[in-house]
Amino acid sequence: MRAVWLREFGGPEVLRVEETPDPVPGEGQVVVETAAIGITYVETQVRSGSAPMPLPTLPVIQGNGVAGTVVAAGPGADAALVGRRVATTTGGSGGYVEKVAVDASTVIPIPDGLGFQDAVGLLNDGRTALGIATAVAPKPEEWVLIGAAGGGVGSLLVQVVKQAGARVVAAASSTAKLDLARDRGADVVVDYTQPDWKTRVWEATGGAGVDVACDSSGGPIGRGVFELVRPGGRFIAFGAGSGTMTRISEEEANAQGVAVVPLWEAFPSPAAMQEMSVRALAEGAAGRLRPAIGQTFPLERAADAHAAIGARKTLGKTLLIP
Ligand SMILES: NC(=O)c1ccc[n+]([C@@H]2O[C@H](COP(=O)([O-])OP(=O)(O)OC[C@H]3O[C@@H](n4cnc5c(N)ncnc54)[C@H](OP(=O)(O)O)[C@@H]3O)[C@@H](O)[C@H]2O)c1
1013 MRAVWLREFG GPEVLRVEET PDPVPGEGQV VVETAAIGIT YVETQVRSGS APMPLPTLPV
1073 IQGNGVAGTV VAAGPGADAA LVGRRVATTT GGSGGYVEKV AVDASTVIPI PDGLGFQDAV
1133 GLLNDGRTAL GIATAVAPKP EEWVLIGAAG GGVGSLLVQV VKQAGARVVA AASSTAKLDL
1193 ARDRGADVVV DYTQPDWKTR VWEATGGAGV DVACDSSGGP IGRGVFELVR PGGRFIAFGA
1253 GSGTMTRISE EEANAQGVAV VPLWEAFPSP AAMQEMSVRA LAEGAAGRLR PAIGQTFPLE
1313 RAADAHAAIG ARKTLGKTLL IP
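Right, here's the structure in full:
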């Protein structure tokens, strides 16, 4: 089979497609033939060696979310799964492939009516959006500021927060991303690359600031997002788009009167995360969560996909198609 290998950290060009032996299902495993493969932003940071987290031992095949068809079951795995359409995480790596062996307990049957691409668009980003929303618990009429709102997670988070009855200020770096956020329900959109962006958020909230803010940019934008939270409000940081995560000290939080929601509240346990993925797919099948598959690339062009994400040119979710 073909697989995308990362043998050294560097620019997108270090991602190389190589012929690789097909996986053999071990005890309790099934093999999934992939139809759509998700790319998450952090994978581009890991590839470049700049991720704000421990880096994997090389060589590695990146990717942690696929949708496809079960083509084999190993000893102890339910043979009835063969032929089923499923979505599954792959244990943190190993997803940029034509076939992957995974623990049978991790596969989620894709509900009828949901395609492979939408299923993988919801699998990780949907659970993240549901987890973040659970952690910050938006209430009806509250103002919620969501950064990177035209991305994979962001465009889903807008929808989950709106369903809670809250009002959304979506922030992103381009008109196309803001149009997507608006299409997914945002009440107000703001380009946070513009110098007056914070003033526009103050104005939208009548000078009060937002009740809740969700930051995944870090850097100066993340700081700005935090500063826009009113006293008594909540703030969560769940990503480092700029390369650094927004860290708010206890003193800063107390001085502003803002509760910093810890990330573990969004992802309390592996079982809870699996349950949120199941829920995200069900919500997608019911038409209540609409992933935005902004662009797809053939598996061979994984490097181009990473380059587009790194250049901030993508909209919604980016997929590889084997
Ligand atoms: N995918 C998941 O399941 C998951 C899980 C946990 C945490 N996260 C975090 O959530 C965020 C979104 O993840 P995603 O996979 O859905 O990716 P994404 O939103 O599709 O893409 C990353 C976003 O980061 C922003 N960005 C890019 N370059 C930036 C820069 N130099 N400075 C500031 N912002 C920049 C871009 O938005 P703008 O161009 O509009 O700024 C872009 O939308 C990431 O920070 C990620 O680490 C994701």
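Per the numbering used here, the very first residue in the sequence shown carries number 1013; after that it's consecutive. Glycine residues also receive a C-beta, built at the ideal position from the N, C-alpha and C atoms.
Using a Cβ-Cβ cut-off of 8 Å, state whether Lys1151 counts as contacting chain C.
Looking for chain C here will not work: only one protein chain is present.
In angstroms with no decimal places, state the Cα-to-Cα distance between Leu1301 and Leu1190.
18 Å
Suppose you measure from the CA of Leu1142 to the CA of Met1288; what does that come to, to the nearest Å?
7 Å
Are the stretch 1105-1123 and the stretch 1039-1052 touching by the rule of at least three beta carbon pairs closer than 8 Å?
yes
Please classify Glu1215 as buried or exposed, where buried requires at least 16 neighbouring CB atoms within 10 angstroms.
exposed
Comparing C-alpha positions only, which one of Asp1223, Ala1184, Val1082, Pro1274 sits nearest to Gly1162?
Ala1184
Put Phe1279 into one of helix, strand or coil per three-state DSSP.
coil
Is Ala968 buried or exposed, if buried means 16 or more other CB atoms sit within 10 Å of its CB?
The structure shown has nothing for residue 968, since the chain only spans 1013 to 1334.
How many whole angstroms separate the CB atoms of Ala1283 and Arg1246, which I take to be in contact at a CB cut-off of 8 Å?
Not a contact, Cβ separation roughly 25 Å.
Return the chain-ordered list of same chain residues with a C-beta closer than 8 Å to the C-beta of Thr1081, the five sequence neighbours on each side being excluded.
Val1044, Glu1045, Ala1047, Gly1095, Arg1096, Arg1097, Val1098
Does the beta carbon of Ile1321 fall short of 7 Å from some heavy atom of ligand 1?
yes
Is Phe1128 helix, strand or coil by DSSP?
helix
Under 7 Å from any heavy atom of ligand 1, does the C-beta of Val1173 make it?
no
Pull up the CB-CB distance for Leu1126 and Gly1296, whole angstroms please, since I reckon it's below 8 Å.
5 Å
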